[in-house]
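**Q** Just passing along the structure, written as structure tokens.
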Amino acid sequence: MIDATLLIIDDNKSVLSALEILLQFEYKNVHCISNPNQISSYPNLKEVDIILLDMNFSAGVNTGNEGLFWLKEIKKKAPDTAIIMMTAYGAVDLAVTALKNGAADFILKPWNNEKLLVTIKSAYSLRKSKAEINQLKRQENNLKQLINQKKNLIIGNSKALAKVLNLTRKVAKTDVTVLITGENGTGKELIARELHRLSTRKDEVFINVDMGTISETLFESELFGHKKGAFTDAKEDRVGKFEAANGGTLFLDEIGNLSLQMQAKLLSVIQHREIVRVGSNTRIPVDIRLLCATNCNLNRMVSEGLFREDLLYRINTIQIEVPSLRERENDVL
Numbered sequence: 000m001i002d003a004t005l006l007i008i009d010d011n012k013s014v015l016s017a018l019e020i021l022l023q024f025e026y027k028n029v030h031c032i033s034n035p036n037q038i039s040s041y042p043n044l045k046e047v048d049i050i051l052l053d054m055n056f057s058a059g060v061n062t063g064n065e066g067l068f069w070l071k072e073i074k075k076k077a078p079d080t081a082i083i084m085m086t087a088y089g090a091v092d093l094a095v096t097a098l099k100n101g102a103a104d105f106i107l108k109p110w111n112n113e114k115l116l117v118t119i120k121s122a123y124s125l126r127k128s129k130a131e132i133n134q135l136k137r138q139e140n141n142l143k144q145l146i147n148q149k150k151n152l153i154i155g156n157s158k159a160l161a162k163v164l165n166l167t168r169k170v171a172k173t174d175v176t177v178l179i180t181g182e183n184g185t186g187k188e189l190i191a192r193e194l195h196r197l198s199t200r201k202d203e204v205f206i207n208v209d210m211g212t213i214s215e216t217l218f219e220s221e222l223f224g225h226k227k228g229a230f231t232d233a234k235e236d237r238v239g240k241f242e243a244a245n246g247g248t249l250f251l252d253e254i255g256n257l258s259l260q261m262q263a264k265l266l267s268v269i270q271h272r273e274i275v276r277v278g279s280n281t282r283i284p285v286d287i288r289l290l291c292a293t294n295c296n297l298n299r300m301v302s303e304g305l306f307r308e309d310l311l312y313r314i315n316t317i318q319i320e321v322p323s324l325r326e327r328e329n330d331v332l
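Residues 0 to 332 in numbering that gives the first Met the number 0 are what the sequence shown lists, from first letter to last.
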């Protein structure tokens, strides 16, 4: 039995009874209400994991507007609760509208018990995933506050480093894409973190991705996420790095290691600022500050046909070249 709380909202008592009987064997807490007006006074609404919400409540009304209204009201009070809309056949367009307004999924009446259970479990997994991301963001923000108490993440006295830090501070306040280049061990990640620390997104999450460690088969899943069942090992819904970094900064290290096929997929997301999880058709907008780093000569790779010129154009709005340690032996990073 899953330790989760479900709330079913439907004016049809037969529907409530049938769902309660089915779900009480799967979930620890199952509650029912027949009048959506009770939502306003429902205790601990934020602690409800999943809500099954009917689209229509008034007799003879099938516009779906009532369900959409209550969907928005619930989202105001409990933004993290996953809401599954219940709709009759022929009302799929309404369900799509509900998805655009924040619903996690929808089920059709009459429902198939097996499909219903899969839909609810998938929505619950997604809620847990988002809760974990929020927890990571809180931890990241706490760490960030400690870091921000220090004046500098990078210490050094050389003219070469001073020039880099000066450019870093100028660029940090903007939202432009930055390409950080330099040899291994020169501190490219520290420059990326400094850009984030000094930016308007400093209170949001900083996600670091080592592109050199991601295989081609898992590239889309790692960066864009996936739906349960999208492939053999997709046991549950997963949020990708782009979605996890929403509102904050995404740092793609070792970007020169990507294959041309992976580059094409990355370019599409950068251009459109939206991702599609593997196994889904839903486009999810993402608002991120993108930073990239490499120890490769990308211009040479472009001329050799190993790196896309249009991708380089997208990630290289501003370039910060970190000097080698040979040029600043007395600096400490």
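Where a beta carbon is used, it is the ideal one built from N, C-alpha and C, also for glycine.
Which runs of the alpha helix (DSSP H) fall wholly inside the segment 5-51 and span at least 4 residues, in chain order?
**A** 12-22
**Q** The alpha helix (DSSP H) spanning MET210 covers which residue range?
**A** One-based indexing of the sequence shown puts residue 210 at position 211. Note, MET210: premise wrong, no alpha helix (DSSP H); not H, not E.
**Q** DSSP three-state call for LEU305: helix, strand or coil?
**A** If you number the sequence shown from 1, residue 305 lands on position 306. Reduced to three states, the DSSP call for LEU305 is coil.
**Q** Based on the DSSP secondary-structure assignment, which residues constitute the bridge partners of ASP202?
**A** For this step, residue 202 is matched to residue 203 along the sequence shown. The partner list for ASP202 (beta bridge, DSSP) is empty, contrary to what the question assumes.
**Q** In three-state DSSP terms, what is ASN315?
**A** Translated into positions along the sequence shown, residue 315 becomes position 316. Three-state result, ASN315: coil.
**Q** Buried or exposed, going by whether 16 or more other CB atoms sit within 10 Å of the CB of GLU253?
**A** Residue numbering aside, residue 253 sits at position 254 when the sequence shown is read from its first letter. Under the 10 Å beta carbon count, GLU253 is surrounded by 16 or more other beta carbons and is classified as buried.
**Q** For ASN315, collect the residues of the same chain with a Cβ closer than 7 angstroms to its Cβ; drop the 5 residues on either side in sequence, then sort them by chain order.
**A** Counting from one through the sequence shown, the residue named residue 315 turns up at place 316. Same-chain partners within the cutoff: LEU178.
**Q** Compare the Cα-Cα distances from LYS12 to each of ASP2, LEU5, SER33 and ASP309 and report the closest residue.
**A** By one-based count along the sequence shown, residue 12 stands at place 13. The option with the nearest alpha carbon to LYS12 is SER33.
**Q** Ends of the beta strand (DSSP E) at ALA292?
**A** By 1-based counting over the sequence shown, the position of residue 292 is 293. 288-293 is the span of the beta strand (DSSP E), which, as asked, contains ALA292.
**Q** Leaving out five residues on either side along the sequence, give the residues of the same chain with a beta carbon under 7 angstroms from the beta carbon of LYS71.
**A** As a working mapping, residue 71 is identified with position 72 in the sequence shown. Scanning its chain for C-beta atoms nearer than 7 angstroms, with the 5 sequence neighbours on each side dropped, one finds around LYS71 the residues ASN100, in chain order.
**Q** Roughly how many angstroms lie between the CA atoms of MET0 and ARG200, to the nearest whole one?
**A** Here the question's residue 0 lines up with position 1 in the sequence shown. Here the question's residue 200 lines up with position 201 in the sequence shown. For MET0 and ARG200, the distance between alpha carbons rounds to 41 angstroms.
**Q** Cα-Cα, which of ILE20, LEU189 and ASP174 is closest to LEU116?
**A** Reading the sequence shown from its first residue, position 117 is the one you call residue 116. Checked all of ILE20, LEU189 and ASP174; the closest Cα to LEU116 is ILE20.
**Q** Assuming LEU289 contacts LEU249 under a Cβ cut-off of 8 angstroms, what Cβ separation, rounded to an integer in Å, is found between them?
**A** Counting from 1 along the sequence shown, the entry for residue 289 is found at position 290. Counting from 1 along the sequence shown, the entry for residue 249 is found at position 250. So it is a contact: roughly 6 angstroms between Cβ atoms.
**Q** Looking at the secondary structure, which residues open and close the alpha helix (DSSP H) in which THR86 lies?
**A** Here residue 86 corresponds to residue number 87 of the sequence shown, with the count starting at 1. Taken as a continuous stretch (DSSP letters only), THR86 belongs to no alpha helix (DSSP H), being part of the beta strand (DSSP E) at 81-87.
**Q** For the alpha helix (DSSP H) containing PHE223, list its first residue and its last residue.
**A** Counting from one through the sequence shown, the residue named residue 223 turns up at place 224. Where PHE223 is concerned, the enclosing alpha helix (DSSP H) stretches over 218-223.
**Q** Assign ALA130 to buried or exposed, taking buried as 16 or more other Cβ atoms, counted over all protein chains shown, within 10 Å of its Cβ.
**A** As a position in the sequence shown, residue 130 is number 131, starting the count at 1. By the 10 Å Cβ count, ALA130 comes out exposed.
**Q** Sorted by chain position, which residues of the same chain lie with C-beta nearer than 8 angstroms to LYS149's C-beta, five sequence neighbours on each side aside?
**A** Taking the first residue of the sequence shown as 1, we reach residue 149 at position 150. Unreliable positioning characterises LYS149 in this predicted model, as indicated by a pLDDT of 49, which lies under 50. The coordinate reading is nonetheless provided below. Within the same chain, LYS149 has no close Cβ partners at all.
**Q** Classify TYR123: buried if its beta carbon has 16 or more other beta carbons within 10 angstroms, exposed otherwise.
**A** The residue you call residue 123 lines up with position 124 of the sequence shown. Buried, by the Cβ-count rule.
**Q** Over what stretch of residues does the beta strand (DSSP E) that includes LYS187 continue unbroken?
**A** Counted from its first residue, the sequence shown places residue 187 at position 188. Taken as a continuous stretch (DSSP letters only), LYS187 belongs to no beta strand (DSSP E), being part of the alpha helix (DSSP H) at 187-196.
**Q** According to DSSP, simplified to helix, strand and coil, what is LYS108?
**A** Reading the sequence shown from its first residue, position 109 is the one you call residue 108. LYS108 falls in the strand class under three-state DSSP.
**Q** Can you find the residues in the same chain that come closer than 6 angstroms, C-beta to C-beta, to ILE379, ignoring five residues on each side of it along the sequence?
**A** Missing from the structure shown is residue 379; the chain here goes from 0 to 332 and no further.
**Q** Leaving aside the five residues before and after GLU308 along the sequence, list all residues of the same chain whose C-beta is less than 8 angstroms from its C-beta, in chain order.
**A** As a position in the sequence shown, residue 308 is number 309, starting the count at 1. Counting only Cβ-Cβ distances below 8 angstroms, and skipping sequence neighbours, we find VAL301.
**Q** CB GLU182 to CB ASN294, shorter than 9 angstroms?
**A** Translated into positions along the sequence shown, residue 182 becomes position 183. Translated into positions along the sequence shown, residue 294 becomes position 295. ASN294 sits close to GLU182, with the two beta carbons spaced by under 9 angstroms.
**Q** Cβ of LYS172 versus every heavy atom of the ligand SAH: is any distance shorter than 8 angstroms?
**A** This structure does not include the ligand SAH; it has no bound ligands of any sort.
**Q** Using a Cβ-Cβ cut-off of 6 angstroms (strictly less than) and excluding sequence neighbours within five positions of ASP2, which residues of its own chain qualify?
**A** Reading the sequence shown from its first residue, position 3 is the one you call residue 2. Closer than 6 angstroms at the Cβ level, and outside the excluded window around ASP2, lie LYS27.
**Q** Just the Cα atoms here: how many angstroms apart are ILE317 and ASN280?
**A** Counting from 1 along the sequence shown, the entry for residue 317 is found at position 318. Counting from 1 along the sequence shown, the entry for residue 280 is found at position 281. Using only the alpha carbons, I get a separation of about 33 angstroms.
**Q** DSSP three-state call for GLU139: helix, strand or coil?
**A** Indexing the sequence shown from 1 puts residue 139 at position 140. Residue state, collapsed to three classes: helix.
**Q** Which residues in the same chain have their Cβ closer than 8 angstroms to the Cβ of GLU273, if we skip the five residues on either side of it in sequence?
**A** The residue you call residue 273 lines up with position 274 of the sequence shown. For GLU273, where only same-chain residues beyond five positions count, the Cβ hits under 8 angstroms are ARG282, ILE283, PRO284 and VAL285.
**Q** Write down the C-beta distance between ASP53 and ILE8 rounded to the nearest angstrom, noting that I regard them as a contact closer than 8 angstroms.
**A** Indexing the sequence shown from 1 puts residue 53 at position 54. Indexing the sequence shown from 1 puts residue 8 at position 9. Contact flag correct, Cβ pair sits at about 6 angstroms.
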